[in-house]
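Chemist: Numbering (the numbering used here), first residue to last: -12 to 199.
Input: one structure, supplied below.
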Amino acid sequence: MTLIEPAADRQSTALAPDLRSLPDRAARAWTERMAVRPRADGTYAVTTESDSTYLVDITQQSCACPDNRIRGEHCKHLRRVAIEITARRVAPPGKDRATCDACGTVTFVGPDAPTPHLCGQCRLETGDIVRDRETGDRLVVTAVTDTLADDWTVEATGQTVADYDTNDGYPDDDIVVLATYLSAAVSETDPREYAFPLSRLRRAEDAELVGP
Ligand SMILES: [Zn+2]
Ligand SMILES: [Zn+2]
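Quick look at the structure:
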């Protein structure tokens, strides 16, 4: 068993605001049962407890309900959409909700975003400088594939990336990232690419880039 250490930077936080201190509309936005469904055009259909459905356009700050349309109030439907976007329960306008293919957390991607879908923590891009967690070597990313470690066969050995002893302990369903050693990238015209499970590489901090 491996215990997961709480992240060192975990900040204490309240999960909901103090409802007693909120204006009525804001409190109801939190407490009433509503279903929020994102629509293809970037608006949201909000269905209320009383089974009315209103269209909310968060970019225009408008809602089709009488409270907003007639009384001009910042209604509970608008507020609810904002709450759900903030809580990552629904995607912001124009984005789709997806799980990160590497770590499984919820992330938001554009409609035509190429796979794999990676969250901000896991995202590596071609040209990123990374460190190999096993050796400490620095590499430059040459490609982020959408193939999993147990599906990627290394031609030279016939083994999959997941088969390698040095990749023991990294998930078999990690995405394969191709990278070349920085030293080779500097000195060779056609440096060799190596395949790594994504989580074996971590983005090098800027401060490391001048190091050995
Ligand atoms: Zn409304
Ligand atoms: Zn991730």
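Just so it is clear, CB atoms sit at the ideal spot from N, CA and C, and this is done for glycine as well.
So, under 8 Å CB-CB, Asp88 and Pro103 are touching, yes? Tell me the CB distance rounded to an integer number of Å.
Modeler: Residue mapping note: residue 88 aligns to position 101 of the sequence shown, counting from 1. Residue mapping note: residue 103 aligns to position 116 of the sequence shown, counting from 1. With 8 Å as the limit, Asp88 and Pro103 qualify as a contact, their Cβ atoms being about 4 Å apart.
Chemist: Confirm, please, whether the CB-CB distance from Glu71 to Arg12 is below 8 Å.
Modeler: Residue numbering aside, residue 12 sits at position 25 when the sequence shown is read from its first letter. Residue numbering aside, residue 71 sits at position 84 when the sequence shown is read from its first letter. No. Outside cutoff.
Chemist: What number of angstroms, rounded off, separates the C-alpha of Arg75 from the C-alpha of Ser170?
Modeler: As a position in the sequence shown, residue 75 is number 88, starting the count at 1. As a position in the sequence shown, residue 170 is number 183, starting the count at 1. Distance between the alpha carbons of Arg75 and Ser170 is about 41 Å.
Chemist: Measuring from the CB of Leu42, is there a heavy atom of ligand 2 at a distance below 7 Å?
Modeler: As a first step, residue 42 is located in the sequence shown; it is residue number 55 there, counting from the start. False, no ligand heavy atom lies under 7 Å from that Cβ.
Chemist: Give the DSSP-derived three-state secondary structure of Ser8 in the structure shown.
Modeler: As a first step, residue 8 is located in the sequence shown; it is residue number 21 there, counting from the start. Note: Ser8 maps to helix in three-state DSSP.
Chemist: Below 8 Å between beta carbons: does that hold for Thr111 and Leu188?
Modeler: Residue numbering aside, residue 111 sits at position 124 when the sequence shown is read from its first letter. Residue numbering aside, residue 188 sits at position 201 when the sequence shown is read from its first letter. Contrary to the premise, residue 111 reads as Leu rather than Thr in this sequence. Yes.
Chemist: Comparing the CB of Ala89 with every heavy atom of ligand 2, is any distance shorter than 7 Å?
Modeler: As a position in the sequence shown, residue 89 is number 102, starting the count at 1. Yes, the Cβ of Ala89 comes within 7 Å of a heavy atom of ligand 2.
Chemist: Can you list the alpha helix (DSSP H) stretches of 4 or more residues lying completely in the segment 21 to 79, in chain order?
Modeler: 53 to 56 and 63 to 73
Chemist: How far does the beta strand (DSSP E) with Val128 in it extend, from its first residue to its last?
Modeler: Position 141 of the sequence shown, counted from the first residue, corresponds to residue 128. Taken as a continuous stretch (DSSP letters only), the beta strand (DSSP E) holding Val128 covers Arg125 to Leu135.
Chemist: Is the segment 138 to 145 touching the segment 106 to 121, taking contact as three or more C-beta pairs under 8 Å?
Modeler: no
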